[in-house]
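Visitor: Basically my numbering = 1-based index in the sequence shown + 103. Dropping the structure in here first, questions after.
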Amino acid sequence: MRANILAFAMGVGFLQTRGSLPPSALVVATLLGASAWLLWAGSRRQPAPRVWRALSLLACALLGVAWAALLAGQRLHELLPTEWESRDLQLVGVVAGLPQGFENGERFAFVVEAVDPPQARVPRRIILSWYHGQRADEGHEAQSTALAAAPTIRPGERWRLTVRLKRPHGNANPHGFDYEAWLFERGLRATGYVRPKAVAQRLDDFVLRPGYAIERLREHIRASFRAALPQAPYVGILAALAIGDQQAISPEQWRVFRQTGVTHLMSISGLHVTMVAALFAALVGWLWRRSERLMLLLPAPKAAIAAGWLAAFGYALLAGFAVPTQRTLYMLSVVALALWSGRNLGASRSLLLALLLVLLLDPWAVLSPGFWLSFAAVGVLFFVGTARVGERRGWHATLARWGTTQWAVTIGTLPLLLLLFQQFSLVSPLANALAIPVVSFLVTPLALLFALTSWPPLLQLDHWLLSFLMVFLEWLARWPLWQQPAPPLAATLLALLGVLCLLLPRGFPARWTGLCLLLPALFWPAPRPATGDAWVDVLDVGQGLAVVVRTAGHTLLYDTGPLYSAESDAGQRIVVPYLRATGVDRLDTLIVTHRDKDHSGGLVAIREALPIGRLLSSLPELEGERCIAGQAWEWDGVRFTMLHPDATDYPRKGGKTNNMSCVLRLENASGSVLLTSDIEARDEQQLLARAPELLRSDVLLVPHHGSGTSSTPAFIAGVGAREVIIPVGYRNRYQHPRPDVVARYAGSRVWRSDADGAVRVQLVGRVDLSSYRSDHRRYWQGQ
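As structure tokens, then:
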């Protein structure tokens with residue numbers, strides 16, 4: 104059975120790596136055929152030959168592929184047609200979840216009940232943003248139109264809203280967060296915003312349904328937390344532990360949690376749900392044994408099991424029944440059923456049955472890092488926690504077992520942390536040794552008690568306890584993180600084998616070989632171009648620009664991407680994670696081409712994260728050197744030349760910031776790339792007059808995102824690029840790139856970051872371009 108479940112899981116995982124789904128007829132035929140084979144093979148009483156067992160494993164794998172494809176096809180069927188994107192639609196529906204506030208508004212899930220015009224096709228579940236003051240749409244393009252303050256939005260309310268929608272779309276970069284997959288797993292099939300000048304009408308104060316009632320209860324509890332401790336620094340953490348609402352946790356607090364490796368404790372994780380279930384089970388079991396009548400009605404162990412499961416279910420609902428919480432509940436359900444039936448399934452069988460249940464209900468769970476980390480942690484605990492004959496007792500033994508558990512979980516999840524996040528906390532075992540018992544057995548129960556009673560002294564005591572823990576964590580956060588390039592999958596699998604060796608029981612021969620198997624994942628060198636070659640990565644940052652140039656021994660960053668909001672920018676969300684994953688721990692040169700926030704928005708985050716050897720910009724307020732035409736240098740056989748602005752441009756007053764954009768050309772023996780930022784027609788003419796021989800390039804970064812103010816025919820002819828790249832946000836409000844501008848590049852191959860994701864240019868003996876979306880195509884992208 105265990106091998107069959109693993110084969111099914113591999114089939115589910117395989118489907119999630121495909122760029123398209125198999126035909127529906129093939130999916131149905133595979134489901135029927137594989138199921139029939141397994142039923143027939145399972146009905147035979149004679150031992151099956153090896154060939155039949157192999158065929159059964161293959162049937163389970165095919166069943167996993169077909170099952171995941173069937174559910175995926177049903178979800179893809181709910182599609183927003185392209186003709187209804189970015190058009191005004193009037194929707195009637197219900198606010199389905201707890202609204203999440205951000206800088207200029209609120210974001211919430213919305214269940215659509217009716218649409219006008221009637222012929223429009225709109226997915227049933229969407230996510231909407233309602234902006235106050237100023238709007239930045241889902242592509243993060245800034246808009247300065249003043250808006251009226253939106254009314255208060257509450258879960259369960261029915262509204263009539265005028266909205267503009269678009270298909271789910273996220274930035275596509277190596278080692279980046281897949282926003283489209285996140286939306287797809289949650290069944291949110293379109294994103295959009297409420298139109299500011301249209302009339303919004305609340306039709307019903309509350310729609311009586313169980314899900315909406317739970318969300319309204321969560322809103323009430325969140326308000327009670329804020330009212331009890333309005334100015335307390337850690338009240339957001341307490342609310343997150345009670346109802347799963349993390350919006351009030353500050354970025355600095357998240358940094359402390361990441362630095363100390365306790366992030367998993369600051370949300371309603373599997374540990375907290377399991378803890379609540381265990382506490383309720385123990386309490387009910389103790390009380391049940393005090394009553395003969397209850398004992399005759401139902402044995403105390405079964406009553407405890409039922410109470411524990413019901414407590415876990417209630418806590419999961421209070422947490423908003425988020426996908427990670429659902430997985431934990433499914434795992435506990437398998438264990439509860441096994442205990443209720445009186446059957447000892449064993450640790451591995453229980454874990455694999457939980458895995459099967461999770462993948463049957465949520466085949467997209469394999470896309471989440473939390474899925475892998477939670478199953479790995481539980482598996483490690485089962486592996487090292489098996490009772491041993493003659494186990495010692497007493498507080499010394501308890502302390503030793505606790506230390507062993509921390510060591511096991513830390514070392515057991517290390518390969519996955521390196522693969523998924525390229526970092527881990529060196530002080531994580533020490534931080535978790537104190538944080539786990541304090542948060543799980545003191546802070547979280549008190550937060551839940553306050554949620555049930557709304558008695559302020561409980562929350563004040565809880566906040567006082569949490570304050571002491573935060574002082575300890577902030578002290579530990581001063582220690583550095585281990586950061587490194589992302590190891591290849593082969594090194595990760597080897598490290599997992601090494602973990603198993605290290606966690607074998609004491610006395611097992613040659614356990615030390617496990618450490619040797621870990622070393623490749625820990626010290627795998629980052630790939631770099633050979634001497635004389637260059638890699639140029641135009642990252643997908645939305646409506647903005649960030650380009651990473653790497654040679655054999657140097658790295659240059661050309662612009663830092665846009666500022667998305669007061670709390671978020673491309674530097675921290677995209678550029679720094681990409682640089683860390685590719686092994687860049689220092690920038691030899693950073694070029695900030697001009698002042699516009701879509702080019703300089705990530706500067707602060709990048710300067711905080713990485714040392715910078717040289718800063719070039721056209722911004723007089725920045726410390727560093729000015730970009731001046733004629734600057735040139737050479738790295739590892741690759742030559743860099745600054746073409747714009749000229750020194751005489753700086754004294755001029757009143758010009759556009761675009762006109763001061765730093766233009767950089769790089770070349771080697773294989774070819775050349777011209778990076779133009781946001782220059783406009785006037786600047787193009789200056790370049791043609793000043794240095795026409797330096798403009799000729801194989802690859803051109805299209806000026807100003809393909810706007811109508813740039814890309815003059817003379818400039819395009821002067822560059823003569825065979826490949827052109829347009830960095831642009833999906834359905835941006837500027838309508839970049841202009842169709843007539845794209846038409847001017849008819850003689851070149853056009854790459855667009857909104858359609859192609861990150862684009863890599865390799866000058867390695869020849870000029871070679873590739874895009875992230877085409878190389879890593881997934882069936883849900885663009886759907």
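Beta carbons: idealized from backbone N, C-alpha and C, even for Gly. Note that this is a predicted model, so its numbers are computed, not measured.
1) DSSP three-state call for residue 302: helix, strand or coil?
2) Given a cut-off of 8 Å on the beta-carbon distance, is the pair residue 673 and residue 647 in contact?
3) What residue does the beta strand (DSSP E) around residue 700 start on, and which one ends it?
4) Please determine if the region 602-618 and the region 551-563 are in contact, where contact requires at least 3 C-beta pairs separated by less than 8 Å.
5) Taking 8 Å as the cut-off, decide whether the C-beta atoms of residue 137 and residue 229 are in contact.
6) Take every Cβ of the region 803-821, pair it with every Cβ of the region 845-854, and state whether three or more of those distances are shorter than 8 Å.
7) Which residues bound the alpha helix (DSSP H) around residue 545?
8) Have a look at the DSSP bridge pairing and note the partners of residue 728.
9) On the DSSP letters alone, give me the boundaries of the alpha helix (DSSP H) that residue 789 sits inside.
10) Quick one: what's residue 234 bridged to in DSSP?
11) With a cut-off of 8 Å, do at least 3 Cβ pairs link the region 676-690 to the region 635-652?
12) Can the beta-carbon of residue 566 be found less than 8 Å from the beta-carbon of residue 266?
13) Once you ignore the five residues that flank residue 241 on each side, which residues in its own chain have a CB closer than 6 Å to its CB?
14) Would residue 216 count as contacting chain C if we go by Cβ distances under 8 Å?
15) With three or more C-beta pairs closer than 8 Å as the rule, is the region 309-319 touching the region 389-407?
16) Taking the alpha carbon of residue 536 as the reference point, which residue from 575, 781, 525 and 329 has its own alpha carbon closest?
17) Tell me, which residues are paired with residue 854 by DSSP?
18) Residue 163 and residue 107 - do their beta-carbons sit closer together than 8 Å?
19) Going by C-alpha to C-alpha distance, which of 168, 185 and 156 sits closest to residue 833?
20) Compare the C-alpha of residue 583 against each of 786, 364, 707 and 623 and name the closest.
21) Could you give the DSSP three-state label for residue 672: helix, strand or coil?
22) By a C-beta neighbour count over all protein chains shown, 10 Å radius and 16 as the cutoff for buried, is residue 790 buried or exposed?
23) Excluding the 5 residues preceding and the 5 following residue 78 in the sequence, name in chain order all residues of the same chain whose CB lies nearer than 7 Å to its CB.
24) Mark residue 861 as exposed unless 16 or more other C-beta atoms lie within 10 angstroms of its C-beta, in which case mark it buried.
25) If residue 793 sits next to residue 732, beta carbons under 8 Å apart, how far is it from one beta carbon to the other, in whole angstroms?
26) Under 8 Å by Cβ, that's how I've got residue 519 and residue 549 pegged, so tell me the actual separation to the nearest angstrom.
27) To the nearest whole angstrom, what separates the beta carbons of residue 811 and residue 841, a pair I think is in contact under 8 Å?
28) With three or more C-beta pairs closer than 8 Å as the rule, is the region 734-744 touching the region 766-783?
29) Could you tell me the alpha carbon to alpha carbon distance between residue 606 and residue 144, rounded to whole angstroms?
30) Just the Cα atoms here: how many angstroms apart are residue 666 and residue 695?
31) Run the CB neighbour count on residue 200, radius 10 Å, all protein chains shown included, and call it buried at 16 or more, exposed below.
32) In whole angstroms, give me the CA-to-CA distance for residue 796 and residue 727.
33) With distance defined between alpha-carbon atoms, name the residue in 568, 261, 645 and 845 nearest to residue 195.
34) Tell me residue 747's beta-bridge partners as DSSP assigns them.
35) Could you spell out where the alpha helix (DSSP H) holding residue 875 opens and where it closes?
Guide: Looking at the coordinates:
1) Residue 302: coil per DSSP, three-state reduction.
2) Yes; because the gap between Cβ atoms is below 8 Å, this pair is in contact.
3) Note, residue 700: premise wrong, no beta strand (DSSP E); alpha helix (DSSP H) at 700-703.
4) The region 602-618 makes no contact with the region 551-563, as fewer than three CB pairs between them are under 8 Å.
5) When the beta-carbon positions are compared, residue 137 and residue 229 stay at least 8 Å from each other.
6) Three or more beta-carbon pairs drawn from the region 803-821 and the region 845-854 are found closer than 8 Å, and the two stretches are therefore classed as touching.
7) It is not in any alpha helix (DSSP H) - residue 545 carries neither H nor E in the DSSP assignment.
8) Its beta-bridge partners are 719.
9) Per DSSP, residue 789 is one residue of the alpha helix (DSSP H) stretching across 784-793.
10) 208, per the DSSP bridge assignment.
11) Contact check between the region 676-690 and the region 635-652: three or more CB pairs, one atom from each, fall below 8 Å, which counts as touching.
12) Between residue 566 and residue 266, the C-beta spacing is not below 8 Å.
13) Reliability of the predicted coordinates at residue 241 is poor, the pLDDT of 39 falling under 50, and the value obtained from them is presented with this limitation in mind. Cβ contact annotation for residue 241 (same chain, cutoff 6 Å, sequence separation greater than five): 294, in chain order.
14) Here chain C cannot be found, since the structure has a single protein chain.
15) The region 389-407 is not in contact with the region 309-319.
16) A check of alpha carbon separations from residue 536 across 575, 781, 525 and 329 identifies 575 as the nearest.
17) Beta-bridge analysis with DSSP links residue 854 to 828.
18) It is a contact, given that the beta carbons lie within the stated cut-off.
19) Considering only alpha carbons, the answer is 185.
20) Looking at the Cα atoms, 364 is the closest of the given residues.
21) The answer is strand: DSSP assigns residue 672 an E or B state.
22) Flag for residue 790 reads buried.
23) Outside the modelled stretch of the chain, which goes from 104 to 886, sits residue 78, for which no answer is possible.
24) Per the 10 Å Cβ criterion, buried.
25) Sure, about 7 Å apart at Cβ, within 8 Å.
26) Taking a contact as a CB-CB distance under 8 Å, the pair residue 519 and residue 549 does not count as one, their CB atoms being some 32 Å apart.
27) About 5 Å separates the two Cβ atoms, so the contact holds.
28) The region 766-783 vs the region 734-744: in contact.
29) Straight-line spacing of the CA atoms in residue 606 and residue 144 works out to 37 Å.
30) Here the C-alpha atom of residue 666 lies approximately 14 Å from the C-alpha atom of residue 695.
31) The residue is buried, with at least 16 neighbouring Cβ atoms inside 10 Å.
32) Here the alpha carbons of residue 727 and residue 796 stand approximately 29 Å from one another.
33) Each of 568, 261, 645 and 845 was checked against the Cα of residue 195, and the nearest Cα belongs to 261.
34) According to DSSP, which records beta bridges pairwise, residue 747 is partnered with 766.
35) Unbroken alpha helix (DSSP H) run through residue 875: 875-878.
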